[in-house]
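What follows is a short report on a single structure.
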Amino acid sequence: MPFYTLTPNIPGDLGENAVLDTSVHPPRVERLHIAIDNWFGEDVIKLFPVHLVTEPLAAAMVESGLRAFELRDAQVTIEPEALELVAQLNLDGVPDFRWFDVTGTAGQDHIGLSGKARLVVSEQALQVFQRFSLEGCDVEEYDPAKHG
Numbered sequence: 528m529p530f531y532t533l534t535p536n537i538p539g540d541l542g543e544n545a546v547l548d549t550s551v552h553p554p555r556v557e558r559l560h561i562a563i564d565n566w567f568g569e570d571v572i573k574l575f576p577v578h579l580v581t582e583p584l585a586a587a588m589v590e591s592g593l594r595a596f597e598l599r600d601a602q603v604t605i606e607p608e609a610l611e612l613v614a615q616l617n618l619d620g621v622p623d624f625r626w627f628d629v630t631g632t633a634g635q636d637h638i639g640l641s642g643k644a645r646l647v648v649s650e651q652a653l654q655v656f657q658r659f660s661l662e663g664c665d666v667e668e669y670d671p672a673k674h675g
């Protein structure tokens with residue numbers, strides 16, 4: 528079964544309420560707060576070492592029956608710069624995001640993280656993601672030697 532890496536845009540920074548355990552690598556996120564300042568309409572975003580998905584994509588992932596992830600709450604702050612960009616791009620606003628906490632192993636489960644915290648998905652999972660906006664998200668065939 529082929530696997531693919533998804534490398535989404537990074538739309539901002541960790542917010543002041545984020546709590547990370549940096550004694551391990553990649554850092555373990557205990558509480559997620561992201562401050563979005565440059566969102567372009569995509570349904571999956573990344574902020575090392577986590578990924579977030581919009582509510583509609585989260586629902587589709589649950590409905591797909593695919594496993595190896597948990598949907599968790601995240602505090603998301605929308606900065607004025609993001610609102611200006613949304614208006615310039617004629618988007619309907621910034622949707623609600625869920626923390627897409629990946630629990631699977633890259634190249635084995637339908638959804639996994641590589642050792643470098645890259646999102647790796649099966650063909651079946653990729654088809655679900657492709658029903659949504661992957662604008663700015665690089666998709667390439669997974670190579671364990673390259674993507675770790």
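In this text, residue positions in the sequence shown follow the working numbering: the first is 528, and each later residue adds one. Where is the CB? At the ideal position from N, CA and C, for every residue including glycine. In this text, all values refer to a predicted model and were calculated from it rather than measured experimentally.
- The C-beta of Phe656 has 16 or more other C-beta atoms within 10 Å across all chains shown, which makes the residue buried.
- Scanning its chain for C-beta atoms nearer than 7 Å, with the 5 sequence neighbours on each side dropped, one finds around Val621 the residues Ile563, Trp566, Ile605, Ala609 and Val613, in chain order.
- Annotation for Gln657: no alpha helix (DSSP H) segment contains it, and DSSP assigns it neither H nor E.
- Contact between the stretch 589 to 605 and the stretch 568 to 575 is absent, with fewer than three C-beta pairs closer than 8 Å.
- When Thr549, Ser550, Phe596 and Phe627 are compared, the shortest CA-CA separation from Asp570 is found for Phe627.
- By the criterion of a C-beta distance shorter than 6 Å, Arg555 is surrounded in its chain by Asp548, once the five residues flanking it on both sides are discounted.
- Selection Ile561, Val551, Pro535 and Leu533 evaluated against Asn544 yields Ile561 as nearest (Cα-Cα).
- Within the model, the alpha-carbon separation for Ser649 versus Phe596 is close to 13 Å.
- The beta carbon of Pro671 sits closer than 8 Å to the beta carbons of Ala633, Gly634 and Ser641 from its chain, once the five residues preceding and following it are set aside; these are given in chain order.
- For Gln615, there is no enclosing beta strand (DSSP E); the residue is found in the alpha helix (DSSP H) stretching over Pro607 to Gln615.
- Non-local C-beta neighbours of Asp540 in its own chain, meaning closer than 8 Å and more than five positions away in sequence, comprise Ile561, Ala562, Asp564 and Leu574, ordered along the chain.
- For His674, the enclosing alpha helix (DSSP H) starts and ends at Pro671 to His674.
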